[in-house]
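In the order they appear, the protein sequences are chains A and B. Residue numbers for the first sequence follow full-length UniProt numbering, so the first one is 1 and each next one is one higher. Residue numbers for the second sequence follow full-length UniProt numbering, so the first one is 1 and each next one is one higher. Even glycine gets a Cβ: it sits at the ideal position worked out from N, Cα and C.
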Amino acid sequence: MRGIRATAVAAGLVAACSFITTSHADDTIQIGAPLILSGPGAFAGEASKRTLDMLAEELNKGGGISGAPVEFVYYDTEGKPDVAVRVVNRLVKSDQVDAVLGPIASWEAVAVKQVLERAGVPTLMLSATRSTVDPVSDCVFKLPADDAIVVARVYKYLKENGISKVALITTQDGFGDGGQRELENQAEAAGIEIVFDEKFSMDDTDLAPLLNKIKRTDAQAVINWSSSRAPVIVTNTFRQVGLDLPLIHSHAAISPAVLEGAGDNSEGMLAAGAKFEAVNDLPDSDPQKPVIKAYRDAYEASFGEAPNQFGAGAYDAFNILVDALKRAGTESEALCDAIEQTKGHVGLGGVYSYSDSDHAGLGTDSVVIYQAGSGQWKMLQ
Amino acid sequence: MITDLAQILITTLTVGSMYALVAVGVSLIYSATGVINFAQGEFVMISGMTVAGLYGQLGWPLAPAIGVALVAVLLYGALLMVLTTGLARRTSLIGVLIITIGASIATSGTAARIWDSDTHRFAPFSGDAPFWVFGATVTPQALWIIGVSTVCVAGLIWFMRSTMVGKAMRACSLDKSAATMVGIPVQATVMVSFLLSGLLGGVGGIVTTPLTTVDAYSGMLLAIKGFSAAMLGGMGSIVGALLGALLIAFIETVTVTFGSSALKELPTFTAIILVLLLLPRGIVGGRQEAGLQHEDLTKQ
Numbered sequence: 001m002r003g004i005r006a007t008a009v010a011a012g013l014v015a016a017c018s019f020i021t022t023s024h025a026d027d028t029i030q031i032g033a034p035l036i037l038s039g040p041g042a043f044a045g046e047a048s049k050r051t052l053d054m055l056a057e058e059l060n061k062g063g064g065i066s067g068a069p070v071e072f073v074y075y076d077t078e079g080k081p082d083v084a085v086r087v088v089n090r091l092v093k094s095d096q097v098d099a100v101l102g103p104i105a106s107w108e109a110v111a112v113k114q115v116l117e118r119a120g121v122p123t124l125m126l127s128a129t130r131s132t133v134d135p136v137s138d139c140v141f142k143l144p145a146d147d148a149i150v151v152a153r154v155y156k157y158l159k160e161n162g163i164s165k166v167a168l169i170t171t172q173d174g175f176g177d178g179g180q181r182e183l184e185n186q187a188e189a190a191g192i193e194i195v196f197d198e199k200f201s202m203d204d205t206d207l208a209p210l211l212n213k214i215k216r217t218d219a220q221a222v223i224n225w226s227s228s229r230a231p232v233i234v235t236n237t238f239r240q241v242g243l244d245l246p247l248i249h250s251h252a253a254i255s256p257a258v259l260e261g262a263g264d265n266s267e268g269m270l271a272a273g274a275k276f277e278a279v280n281d282l283p284d285s286d287p288q289k290p291v292i293k294a295y296r297d298a299y300e301a302s303f304g305e306a307p308n309q310f311g312a313g314a315y316d317a318f319n320i321l322v323d324a325l326k327r328a329g330t331e332s333e334a335l336c337d338a339i340e341q342t343k344g345h346v347g348l349g350g351v352y353s354y355s356d357s358d359h360a361g362l363g364t365d366s367v368v369i370y371q372a373g374s375g376q377w378k379m380l381q
Numbered sequence: 001m002i003t004d005l006a007q008i009l010i011t012t013l014t015v016g017s018m019y020a021l022v023a024v025g026v027s028l029i030y031s032a033t034g035v036i037n038f039a040q041g042e043f044v045m046i047s048g049m050t051v052a053g054l055y056g057q058l059g060w061p062l063a064p065a066i067g068v069a070l071v072a073v074l075l076y077g078a079l080l081m082v083l084t085t086g087l088a089r090r091t092s093l094i095g096v097l098i099i100t101i102g103a104s105i106a107t108s109g110t111a112a113r114i115w116d117s118d119t120h121r122f123a124p125f126s127g128d129a130p131f132w133v134f135g136a137t138v139t140p141q142a143l144w145i146i147g148v149s150t151v152c153v154a155g156l157i158w159f160m161r162s163t164m165v166g167k168a169m170r171a172c173s174l175d176k177s178a179a180t181m182v183g184i185p186v187q188a189t190v191m192v193s194f195l196l197s198g199l200l201g202g203v204g205g206i207v208t209t210p211l212t213t214v215d216a217y218s219g220m221l222l223a224i225k226g227f228s229a230a231m232l233g234g235m236g237s238i239v240g241a242l243l244g245a246l247l248i249a250f251i252e253t254v255t256v257t258f259g260s261s262a263l264k265e266l267p268t269f270t271a272i273i274l275v276l277l278l279l280p281r282g283i284v285g286g287r288q289e290a291g292l293q294h295e296d297l298t299k300q
């Protein structure tokens, strides 16, 4: 009995090995994509997966990268750090992918960073948190605008409008914590005084007591750094308690769902984020305008709905990676160097230029201020 | 100061009413079956999502949307009842409790497939314009929440005390075998308790969604709040669940007003631990020995 089992196991191992070798025998370029495909953040992963499939199909139709087709290996991270670590380990060790695009959530990205660094796999993170590339490591890069540059842009806007005293409310999670840290760190240099600084939790149902406290301060504006449904509740309560101050949200609030949830209360509120949502307000001279427009049209034509900023992040990552692959091939070190040499790449999230000291790639000029009016986000100029 | 007090009062009543609708439901099912139903928050989610979809997005009139939502929670309540009582015969009550947690997760996942994982909300019943009482903000929807919850809980207490079905349910919760002997159909009373709990949660979803918003995953958190409130008040007692809910809401509100929102959970759970240490049966004493009935939980 035991003998039979051992033989079976051995046969299985042989089969597994031969499977791995055959899958690498052809010159397919394999890219791992650990994405959040189920749970509350599934919409983000779904948009990314659709975008990547769309781009890969187009690329492979045109002959791939010097004849080699690109193939994605998708895994669902479920929005959980432990699952993300597990699937990234699998990508690195058993699938032995040539590069990794993802993960999307900040808390996943932070968790998998070490695994990817150790394996030396070229990685383009789709998460916003700056801590994945600060300090810089050889092969890890990131795409979307992060809290550091968004905060800088918000403070610049406030100074231009003569506002120097602000109240901060941030959520008790990775996103809110990151925002709060940047808001506090950059305040002094930007000449902003923080007169109120409190945290709340995503599941708070009534924020009136918290917002009432801001009334008693001499704040000239309120900055809310929260994601998901929190901006909706903040905005509604903000109007209900009769706070008559400018309300500024983070980039997480720039979505149609927030406007729909807040209804008329959203009128006049501000947010800072990438130009991606403002395609119609961009001047024709903006190099990003045609890129954004082409992607939006292609996505809507394929899937019948508007894309979101997460799909946009995947789009930029794919193009930067393909560009580097064309120049350097799949050898890890050469590929990392090629990604690092990306300069002036016009993408959906901004114009990317990496260097050996900056693996985030974007500057404050990629962030614009939005204002909500008649149920739409409009770029403020 | 008077503004603070007025705001504390109004927020406590609003948030307390939301918690109470869930807590009373948890307590009701517990007293009928001995099961702690962690899928209680899903009733709120299902009805909130249904009304948001039909009334908020598809533009149905409010009344039929509410009707569909209530039918949906009744069906879900019946399904849960069949699942839990069917399995209760084969596994321990602890096993059933874990099954309700599983049911909750499965329901969230299914809801995210049926609808989506976005946040939803629909317009308040009587507009958004707040008014002020002693400087405290009161939204019309908050009055709806408080009023509807009061009517529901009062109606339930009357039902349990004054109708034959209600008395039969109380008899069953006191002693199942004795109730069976005098001819009370125990299964039917269990079903009624699940349906009533479902209705309470369903009503909760309908009145609170304009204020709190809803998404496919918001049920579990409510169930935990409701469970804490029911435990604090005395598991198995309706009045206890109500008091527990109001007390938790009060402590949370006071902490946010005079302290920090970040510390909100700390005094709340300290209070729960203290109350259960000093009054193991909860505020109103429940109906048997310590908090949860130990023998019930281990019995096959």
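For residue j and residue i, believed in contact at Cβ under 8 Å, the rounded distance
{"i": "B:V15", "j": "B:E265", "result": "Between B:E265 and B:V15 the Cβ distance is about 14 Å, and since that is not below 8 Å, they are no contact."}
{"i": "B:Y19", "j": "B:A245", "result": "4 Å"}
{"i": "B:T119", "j": "A:R239", "result": "Going by Cβ atoms, the distance from B:T119 to A:R239 rounds to 18 Å, so no, they are not a contact pair."}
{"i": "B:G259", "j": "B:S27", "result": "In fact, because the Cβ distance is near 30 Å, the residues do not count as touching under 8 Å."}
{"i": "A:L52", "j": "A:F318", "result": "6 Å"}
{"i": "B:F134", "j": "B:Y55", "result": "Not a contact, Cβ separation roughly 34 Å."}
{"i": "A:S137", "j": "A:E117", "result": "5 Å"}
{"i": "A:V92", "j": "A:V121", "result": "6 Å"}
{"i": "A:G373", "j": "A:E267", "result": "6 Å"}
Cβ shell of residue i (< 8 Å), same chain only, five flanking positions each side left out
{"i": "B:A39", "result": "L80, T100, I101, A103, S104, T107, G219 and A223"}
{"i": "B:T85", "result": "T33, Q187 and V190"}
{"i": "A:V279", "result": "K289, I292, K293 and R296"}
{"i": "B:A112", "result": "A216 and Y217"}
Cβ-based burial, residue i [other Cβ within 10 Å; buried from 16]
{"i": "A:K343", "result": "exposed"}
{"i": "A:P81", "result": "buried"}
{"i": "A:Q114", "result": "exposed"}
{"i": "B:L58", "result": "exposed"}
{"i": "B:F131", "result": "exposed"}
{"i": "B:M1", "result": "exposed"}
{"i": "A:P40", "result": "buried"}
{"i": "B:M164", "result": "exposed"}
{"i": "B:L211", "result": "buried"}
{"i": "A:A189", "result": "exposed"}
{"i": "A:T22", "result": "At A:T22, the pLDDT of 40 sits below 50, so the modelled position is not reliable; the number obtained from the coordinates is stated separately. Classification for A:T22: exposed."}
Coarse secondary structure for residue i, derived from DSSP in three states
{"i": "A:I369", "result": "strand"}
{"i": "A:D134", "result": "coil"}
{"i": "A:E305", "result": "coil"}
{"i": "B:F269", "result": "helix"}
{"i": "A:N60", "result": "helix"}
{"i": "A:M54", "result": "helix"}
{"i": "A:K80", "result": "coil"}
{"i": "A:S355", "result": "strand"}
{"i": "B:G282", "result": "coil"}
{"i": "A:G72", "result": "Residue 72 of chain A is actually Phe in this sequence, not Gly. A:F72 falls in the strand class under three-state DSSP."}
{"i": "A:H24", "result": "Bear in mind that a pLDDT of 44 at A:H24, under 50, signals an unreliable position, so the number given afterwards is only what the model happens to contain. Helix."}
{"i": "B:I10", "result": "helix"}
{"i": "B:A88", "result": "helix"}
{"i": "A:D197", "result": "strand"}
Beta-carbon contacts of residue i that lie in its chain and below 6 Å, excluding the five residues immediately before and after
{"i": "residue 382 of chain A", "result": "Since the first residue of chain A shown is 1 and the last is 381, residue 382 of chain A is not available in this structure."}
{"i": "A:A68", "result": "D27 and I29"}
{"i": "residue 394 of chain A", "result": "It is not possible to answer for residue 394 of chain A, since the shown part of chain A is limited to 1 through 381."}
{"i": "A:Q220", "result": "I163 and K165"}
{"i": "B:W144", "result": "F125 and V207"}
Distance CB(residue i)-CB(residue j) smaller than 9 Å
{"i": "B:A154", "j": "B:M49", "result": "no"}
{"i": "A:L143", "j": "A:D356", "result": "no"}
{"i": "A:V368", "j": "A:R153", "result": "yes"}
{"i": "B:S17", "j": "B:I206", "result": "no"}
{"i": "A:I339", "j": "A:A324", "result": "yes"}
{"i": "A:I169", "j": "A:K215", "result": "no"}
{"i": "A:R181", "j": "A:D147", "result": "yes"}
{"i": "A:V140", "j": "A:T132", "result": "yes"}
Same chain, Cβ closer than 7 Å to residue i, neighbours up to 5 away in sequence not counted
{"i": "B:G198", "result": "F43, V73, L74, Y76 and G77"}
{"i": "A:E300", "result": "A306"}
{"i": "B:T12", "result": "L246, A249, F250 and T253"}
Any non-hydrogen atom of the ligand FMN within 8 Å of residue i CB
{"i": "B:L263", "result": "Absence of the ligand FMN is noted for the structure shown, with no ligands found whatsoever."}
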